[in-house]
Amino acid sequence: MDITLPILILAIPISMFLILGIGGVKMSRKMAGVLGILGMGTTMALAYTVAFTYFFSGDSAFIVDGIRQQLQVFDVTWLAFTEKLVVSIGFLLDPISAMMLVVITTISFMVHLYSWGYMEHEPGFQRYYAFLSLFSFSMLGLVVATNIFQMYIFWELVGVSSYLLIGFFYKLPSAVSASKKAFIVTRFADLGFLIGILVLSFYTNTFNFAALTSDPASALASTGGATFMGASVLTWALVLIYVGGMGKSAMMPLHIWLPDAMEGPTPVSALIHAATMVVAGVYLVARMFPLYLVEESALTFITCVGAITAFYAAVVACCQIDIKRILAFSTISQIAFMMVALGVARPELHDAMGYMSSMFHLFTHAMFKALLFLGAGALIHAVHSNNYTEMGGLRKYMPITHWTFLIGCLAIAGIWPFAGFFSKDEMLAAMFANNWIWGAWMTMVAGLTAFYMFRMYFMVFWWEENPHYKEHKPHDAPWQMSLPLIVLATVSCVAGFIPFGELVTWNGAPYHIHIDPVVATTSLVVAVCAIGLAAWLYMKKNSKPAAMKNAMPTLWKAANRRFYWDEIYMFITHKIIFNIICKSIAWFDRHIIDATMDGFAKVTQRTSVAIKGMQSGSIQAYVLWYFFGAVLLALVTWICLL
Amino acid sequence: MDYSQFSAMIPELIVLGIFILVFLFDTFASESARKADGMLTTVLFGLGTVAICFTGCLPQECFGGMYVCNSVSFALKCILNIGVFIVLVQSLQWTDSEDMKMRRGEFYELLLATLFGMYLMISARHFLLFVIGLETASLPLAALIAFNKKHYESNEAAAKYIMTAVFSSAVLMMGLSFVYGLSGGSLYYNDVAAAVANGEMSGMLIVALAFVLAGIGFKLSLVPFHLWTADVYQGAPTSVTSYLSVISKGSAAFAFFVIFVQAFGAVYPEAWEWMLYGIIILTITVGNLFAIRQKNMKRFMAFSSVSQAGYIMLGVIAANAIGMTSMLFYILVYIFSNLGAFGVIQAIGNKSGKLNMDDYKGLHKSNPWLAFAMTLAMFSLAGIPPFAGFFSKILIFTSVTASNSMALYMLVLIALINTIISLYYYLLVVKAMWIAPEDPVVPAFRSACSERFGMWICVAGIVFIGLVSPIYGWLSEMSNLDASQLFAWLG
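Right, dumping it as structure tokens:
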């Protein structure tokens, strides 16, 4: 494949970032917005060209005997540590990276367009677009990385751009602390990632994905059976790498940053904290999947963490008031879903259907979750509040938002024929194939998902009208915001019919999706019951929800407070780390190190004062010093030498 | 006598020629035409510098080996010429004043005369010629220091200078007479070197070394021969101070290198390495300790230059080709940095008469460009990257550590610690200019064209010399060409 298009895909967003970042101050808002949108539009067109060429051209570079190939379009050496340990920068094209190119550029373009309306009156509009471009660049660089070190570099860049965008409203203390929290937590997780990379490359002598995954058995052999604390070093490396993914993908217990990240502008939440960046962890595991297959204990670990997180986040989402927080917890839960699907995937179980379905869900989830977030943005735009208590009965005032939002909810709940049904069904089938416990557990989570999504839907669009509407009548958003909603809603309706198994599988061989009737019926029934329950409770204003809440106040409060995870972190960091460890170090710094330095300074100053008599100003004294100096010099040397 | 030998003395002859031209012009031109004295000297000297740099040098010994023309001395003369040119440019504004009407020409004549003497010091390979050069450089300087003859301080400074100079000459002569005795009646460096190498370590030799070191140490203001420095720097007109601090010091440092390495090279590891070792530590430390408490800028620069002289001496104690190269490089960088600082001091002094560090508070508000130039100069003197001073310090440290001796490593460590102290006082100036919240004491003004020109040259030098490696490469090439001759007697 010609390298022009791949290079352009990376070059356009980064140059947009530079142009808007440096020259943005001098530009008008309109100019900056149009530039950003055009840049992203071009990138999207190019990415589509590349992805479609890869999937459908049938070129022998991409597909051989029906098996889709992994292809390094280019791979240039960047840093050579040793002869073997070389960091290069390149562009990897395989089913998942091509799929991600489509997802990232589509959502990013929609968000660019949407932001034009949503951010219209915000100060720093140009800066916002610059950061969006930076993020798009970093995310694209991440998914096309040819080696794990390049991925790590872009991984950090993504973290930085997320930090910048969460803290976009830097005058709000809550936004600032949320951005710090997100950065510190993910950075902390990345420490594990880095150690994992170092351990892995230490034993395998390579960073390159192709070299690592094409022959995972030799990677295992290269460790020479070395173990650490009872587990093989490869397991350690893979688990540590996964810890990095846990940070970015907000798995428990590192999930605490994601709900707070909702302080950022809503389109940003749609792009970064719903559709693209947070699935980087899933992507990472998928990218290294053949290696994980060698160490099944690591996969089991992933499955367990995912299953717990999915349930936890779904429960918490049932008791939130802020609609963005609900969506955030829903995101955590859905990503955990994908993680579980990856964790249960085995080649002997329907050709690793878990892998395929996890990627499928990543794709569909990106579409309908971005839709839901952008819809939430439209709601917030209209009523100027994040809480559903300020909304209610909005279906009459905002028909476009209402219908698109409903499609998003149906998709995430897994109702036929919307996108979520197909991907979720495949995932559940894969889980049942591995062990019925996983399947049953995740079916329950799917039911919870349908329940809390429709709880939110009914509270926002039905329930009772907010009396404030009389003074300030809510209305649908301008076309820049409505158009992305409509586009994404359309995609959410039809994406399920994409023959995904033909395109993306773990080894490139096509897999024919067939709906498992038992699983499909069960999940549909569960979802419909959950929606029915939500409708019964929340469609019309009534006292049932309040009664339920009052019946179990402790549980409700605990769920509302996210089961006190933040408080636990606060306790550990402030009480234990800051108070005990940091304070003693600070004392040492102040009283020992600083005091020593002050002491040196004082001695210098004192000496300076003490010898000032030398410079008396009288010429006789000068000459005397001179003479004695010369004589003394001679004398001392004489004594020493002779 | 073979008169063609004079062709080896092109730099000296050019300086002498300019001296005579200026002298004649100043004597016979009409009073109104004499206003152009300064400009004439500067332009002639600029042309002369270009001529010297481009004629290059043909290595040869002349006058029976008393005078030598070689690559390193040529390189140093080029460097000094650049420095003198900047000094001349910077002094134009000062000599332009009404007060200087009658004396303007003399300033330039005396200055060129001292430069001629310094050239002789640099090229001398015979102690007699060296002493003549030294005195030619010293005596007119006393007159220059007393140039503001109506100012009490100027006269006092000149008196102190001449007294100490005379005393140091006496000590030097005493040392040289011992040398004469040691070498069996010859004052050629090579003969002395041979005698030292063949003879035994004796008390006479040690006294001779100590006295010669003291004699040249006076010009370099090494501790404890430096006490005149502060008073003289403060009292002398600023142009003379800047001349004293860079040109006089640079030429003396080079002469010091040549005399000790070439004439006394045989006893380097036994004797003078350790003498110099102690002197360097004293110089750097005492210079710094005094500098941190100075309030007057010129006095402050005096002690700073004492400390810098210690760093320059590190090149001598390294006693190798890298030492020579890095010393030349250090002098070059020091010229630009120090003249940059003095340029600002002079511009402010000419305009407002303010010379105290406190007067510099808030300078960035009234005169941002002056504050900028001063800041760069201070950064460079303190050795902060990426300015030239950083590279010169690194190179001179490298030269010292090249010999792999533990004692010299310690010396570098001490020098490094002193760099931190120096950072403190250099940054005091920067702090006064940029951070002190007070309203500016010095009112906003536009400096004269000549002053600005001089300052831009210095700023360009500070920024670029360190980054442009061909300069160092050229100096290194020059030193290596003469290495066999310079280090022939090194024990």
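Respectively, the protein sequence lines represent chains S and R. Once you know that position 433 of the first sequence is 433 in my numbering, the rest is easy, because the numbers rise by one and skip nothing. Whatever position you read off the second sequence (first residue = 1), add 1000 for my numbering. Backbone N, C-alpha and C define an ideal beta-carbon position, used for all residues, glycine too.
Proximity test, Cβ basis, 8 Å: residue i and chain S
i, result
"T1164 (chain R)", "yes"
"K1160 (chain R)", "yes"
"L1289 (chain R)", "yes"
"W1274 (chain R)", "yes"
"V1207 (chain R)", "yes"
"I1292 (chain R)", "yes"
"S1307 (chain R)", "no"
"D1529 (chain R)", "A question about residue 1529 (chain R) goes unanswered here, because the residues of chain R that appear run from 1001 up to 1491."
"A1236 (chain R)", "no"
"S1169 (chain R)", "no"
"M1201 (chain R)", "yes"
Residue span of the alpha helix (DSSP H) that contains residue i, given as start and end
i, result
"E1451 (chain R)", "C1449 to F1464"
"L1467 (chain R)", "No alpha helix (DSSP H) contains L1467 (chain R), which DSSP labels as neither H nor E."
"C640 (chain S)", "I619 to L641"
"S60 (chain S)", "Premise fails: S60 (chain S) is in no alpha helix (DSSP H) and is neither H nor E."
"E471 (chain S)", "Note, E471 (chain S): premise wrong, no alpha helix (DSSP H); not H, not E."
"Q1234 (chain R)", "W1228 to G1235"
"S330 (chain S)", "I323 to V344"
"D1026 (chain R)", "I1010 to F1028"
Cutoff 7 Å; reference residue i; Cβ partners in own chain excluding five residues on either side
i, result
"T1055 (chain R)", "I1010"
"G1383 (chain R)", "G1389, F1390, K1393 and T1419"
"M1433 (chain R)", "Y1360, L1363, H1364, A1371, M1374 and T1375"
"L20 (chain S)", "A32, L35, G36, Q126, Y129, A130 and S133"
"Y1426 (chain R)", "M1378, L1381 and A1382"
Proximity of residue i and residue j at Cβ, strictly below 8 Å
i, j, result
"A1158 (chain R)", "D1231 (chain R)", "no"
"I323 (chain S)", "F135 (chain S)", "no"
"I1312 (chain R)", "M1301 (chain R)", "no"
"F289 (chain S)", "Y355 (chain S)", "yes"
"S1004 (chain R)", "M1118 (chain R)", "no"
"L371 (chain S)", "L488 (chain S)", "yes"
"L132 (chain S)", "V111 (chain S)", "yes"
"L140 (chain S)", "I9 (chain S)", "yes"
Nearest neighbour of residue i, chosen from the options [CA to CA]
i, options, result
"G245 (chain S)", "S:A51, S:F301, S:T266 and S:F207", "S:F301"
"F360 (chain S)", "S:T42, S:M481, S:P267 and S:V279", "S:V279"
"S330 (chain S)", "S:A366, S:Y128, S:V103 and S:G247", "S:A366"
"F1442 (chain R)", "R:L1134, R:N1367 and R:D1037", "It is Val, not Phe, that sits at residue 1442 (chain R) in the sequence shown. Nearest of R:L1134, R:N1367 and R:D1037 to V1442 (chain R), Cα basis: R:N1367."
"G1185 (chain R)", "R:V1087, R:Y1067 and R:F1127", "R:F1127"
"E1135 (chain R)", "R:A1113, R:W1094 and R:N1404", "R:A1113"
"M1121 (chain R)", "R:R1034, R:P1437 and R:S1251", "R:S1251"
"G629 (chain S)", "R:M1100, R:F1211 and R:M1204", "R:F1211"
"I1396 (chain R)", "R:S1097, R:Y1330 and R:F1257", "R:Y1330"
Any C-beta of chain R under 8 Å from that of residue i
i, result
"T596 (chain S)", "no"
"T607 (chain S)", "yes"
"G617 (chain S)", "yes"
"G629 (chain S)", "yes"
"I593 (chain S)", "no"
"M614 (chain S)", "yes"
"V603 (chain S)", "no"
Own chain residues within Cβ distance below 6 Å of residue i, not counting five before or after
i, result
"G1235 (chain R)", "E1153, S1154, E1156 and A1157"
"Y388 (chain S)", "I323, M459 and V460"
"A237 (chain S)", "G196, V199 and L200"
Range of the contiguous beta strand (DSSP E) that encloses residue i
i, result
"D75 (chain S)", "L71 to A80"
"Y1067 (chain R)", "Y1067 to C1069"
"F91 (chain S)", "V86 to L93"
"E1061 (chain R)", "Q1060 to C1062"
Residue i at chain B interface by Cβ criterion, 8 Å
i, result
"A1051 (chain R)", "No chain B is part of this structure, whose protein chains are labelled S and R."
Cutoff 8 Å; reference residue i; Cβ partners in own chain excluding five residues on either side
i, result
"S584 (chain S)", "none"
"A1214 (chain R)", "S1168, V1171, L1172, G1175 and F1225"
"M1357 (chain R)", "Q1294, K1295, N1296, M1297, F1300, L1428, V1429 and A1432"
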